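Report on the following structure.
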Amino acid sequence: MGQCIYCGKPAGFLKKTHKECKQQHEQGKSEVISLVGKIGAEGGDLHRLENSIEHVASTSFIDKDTLNSLVASGWERAVNIAFDDGLLSEKEESALSELKEHFSLPQQILDRNGAYSKLVKGAVLRDIMDGNLPERIKIDGGLPFNLQKSEKVVWVFQNVNYYEEKTRTRYVGGSQGVSVRIAKGLYYRTGAFKGERVQTSETVHADTGLLGVTNKHIYFAGPSKRFRIAYNKIVTFEPFSDGIGVQRDAQTAKPQSFQTGDGWFTYNLITNLSQM
Ligand SMILES: [Zn+2]
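See the structure below:
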C-alpha cells in the first residue's frame, strides 16, 4: 500500500495520492495566489492576509517553501493586475512595495519572470507622464556618452541591436494601438505592442551596443557606431513589439531602429521624454 504524499494515510495499491487531497492542494495553491494578488494590487490588511494564507496552507498540505513561492507568484499576479487598467498608479506601487516588505520577498525571485523590472519601468513612465524626470536607476561606471549640461540619463538599455533600413519607403504611420492619456503624457498599453518586430527583410543589423535615453537625446554606442539624436530632430517614432523605430528629419535620413527587447517600455519612455 502506498501512502498519500499529502495526508500521509494509505492511498491504495501503487497509488501516491488521494484524488481529494491532490485537488485540495491545487485549489489551495491557486487560492493563495489569488488572495495575495488581490491585496498586492489593491492594498489591504497584510496581517490578515498572512493569517488567511497560512490557514489555506495548513488545510491544503502546502509547506513553508511552497507557500513562499506562491506568495511571490501572487506578487507577480498583482503586477499584472496593476498594469491591466493602464499604467501603474502610485497607490498600486505602494501596495506592491508593502507586500514585498511584509513577506521579505527577495527582488531576485520577484524578477524571475521580469515582474519586478516591470514595476520599476512603470514607475519611471509614471514619473515622466507626471512631468518629473525620474531618478530611479543607478549607473555604475562611466557611460560612453558626451552629455550636455543639465542633461540627465533616464535609462540605459544594454545589448541593443541597432538596425538601419535599406530603403526609406516603409515609414507610413507613426503610432497605433490603444493609448490612454495620463497626466501630461500619452500612454500606450502593453497590448499595443503585439505587432511587428524591429527586424524585417528591409533592415540591416549595423551594430550592437548601449542605448542611452536622456531628457534631450537618445544615444547609441557600439563597437562601430556611435551617435546621438536630439528629440527635436525626430519626425516619427514607430512602435515595435521588441523596440522602437525613428525617422530623422533630414532628406537623406533612413529609418533607424533599436531592438531593446521591450517595445512597450522603450516606446512609452522615448515618446514621452521627447514631449517633456
Ligand atoms: Zn491523502
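Mapping of the sequence shown onto the working numbering: position 36 corresponds to residue 36, and the numbering continues sequentially without gaps.
C-beta atoms are modelled at their ideal positions from N, C-alpha and C, and glycine is treated no differently.
It should be emphasised that the depicted structure is a prediction, and the values quoted were computed from it without experimental measurement.
Quiz item: Roughly how many whole angstroms lie between the Cα atoms of Lys254 and Gly222?
Solution: 19 Å
Practice problem: Would you be able to state if there are at least three C-beta pairs under 8 Å between the stretch 187-206 and the stretch 139-152? | Solution: The answer is no - the stretch 187-206 does not touch the stretch 139-152, with fewer than three Cβ pairs under 8 Å.
Exercise. Output yes or no for whether 8 Å exceeds the beta carbon distance between Ile291 and Thr266.
Key: Here the chain covers residues 1 to 276 and nothing more, so residue 291 does not appear.
Practice problem: State yes or no: is the C-beta of Asn51 within less than 8 Å of the C-beta of Glu76? | Solution: no
Quiz prompt | Beta carbon nearer than 5 Å to a non-hydrogen atom of ligand 1 | solution = Cys4, Tyr6, Cys7, His18, Cys21
Practice problem: Take every Cβ of the stretch 54-61, pair it with every Cβ of the stretch 84-97, and state whether three or more of those distances are shorter than 8 Å. | Solution: no
Self-check item: Proximal residues to Ser241 (C-beta, below 7 Å), its chain only, five neighbours per side dropped
Solution: Phe193, Lys194, Gly195, Glu196, Arg197, Gly263
Practice problem: Taking Gly74 and Gly40 to be in contact with their CB atoms under 8 Å, please state how far apart those CB atoms are, rounded to whole angstroms. | Solution: 6 Å
Quiz item: Does DSSP classify Arg170 as helix, strand or coil?
Solution: In this prediction, Arg170 scores a pLDDT of 49, lower than 50, which makes its location untrustworthy; no coordinate-derived value is stated.
Exercise. Identify which residue in Arg136, Glu135, Lys22 has its Cα closest to the Cα of Tyr288.
Key: The question about residue 288 has no answer here: the residues shown for the chain are numbered 1 through 276.
Quiz item: Are the beta-carbon atoms of Leu273 and Val213 separated by less than 8 Å?
Solution: Val213 is positioned such that its CB atom lies closer than 8 Å to that of Leu273.
Quiz item: Would a C-beta distance cut-off of 8 Å place Gln259 and Tyr163 closer than the cut-off?
Solution: yes
Self-check item: Rounded Cβ spacing between Ile53 and Leu35 (contact assumed at less than 8 Å)
Solution: 6 Å
Quiz prompt | C-beta atoms of Ala72 and Ile109 nearer than 8 Å | solution = Inclusion of Ala72 and Ile109 in the CB contact set at 8 Å is warranted, their separation being smaller than that value.
Quiz item: In chain order, what residues of the same chain lie with their CB nearer than 8 Å to the CB of Lys225, ignoring the 5 residues before and after it?
Solution: Tyr162, Ala206, Asp207, Gly209
Self-check item: Residues near Leu14 by beta carbon distance below 8 Å, same chain, minus five either side
Solution: The residues are Gly2.
Practice problem: Taking 8 Å as the cut-off, decide whether the C-beta atoms of Glu98 and Leu133 are in contact. | Solution: no
Practice problem: Check whether the Cβ atoms of Glu216 and Asp130 sit closer than 8 Å, and answer yes or no. | Solution: It is worth fixing the name first, because residue 216 is Lys in this sequence and not Glu. Cβ distance not < 8 Å, so Lys216 and Asp130 don't count as in contact.
Quiz item: Applying the criterion that 16 or more other CB atoms from any shown protein chain within 10 Å of the CB defines a buried residue, is Lys9 buried or exposed?
Solution: exposed
Quiz item: Can you name the residues that DSSP bridges to His205?
Solution: Tyr163
Practice problem: Assuming Val79 and Leu119 form a contact by the criterion Cβ under 8 Å, report the distance between their Cβ atoms to the nearest whole angstrom. | Solution: 6 Å
Quiz item: Grouping DSSP H, G and I as helix and E and B as strand, with all else coil, what is Gln27?
Solution: Assigned with DSSP and collapsed to three states, Gln27 falls in helix.
Quiz item: For Val153, does the three-state DSSP call read helix, strand or coil?
Solution: If DSSP states are grouped into helix, strand and coil, Val153 belongs with the strands.
Exercise. Could you tell me the boundaries of the beta strand (DSSP E) in which Ser52 lies?
Key: That residue, Ser52, is in no beta strand (DSSP E); its alpha helix (DSSP H) goes 46-59.
Quiz item: Thinking just about the alpha-carbon of each residue, which of Leu70, Asn268, His18 is nearest to the one in Tyr189?
Solution: First, the residue type needs correcting, since residue 189 is Arg and not Tyr in the sequence shown. Checking every option, the nearest Cα to that of Arg189 belongs to Asn268.
Quiz item: Does the beta-carbon distance from Tyr156 to Ile139 come in below 8 Å?
Solution: Before going on, a small fix: residue 156 reads as Val here, not Tyr. Yes.
Practice problem: Using only alpha-carbon positions, find the residue among Asp127, Asp85, Ser69 that is nearest to Asp111. | Solution: Ser69
Self-check item: Residues bridged to Glu135 [DSSP beta-bridge criterion]
Solution: BP columns for Glu135 are empty, so no partner.
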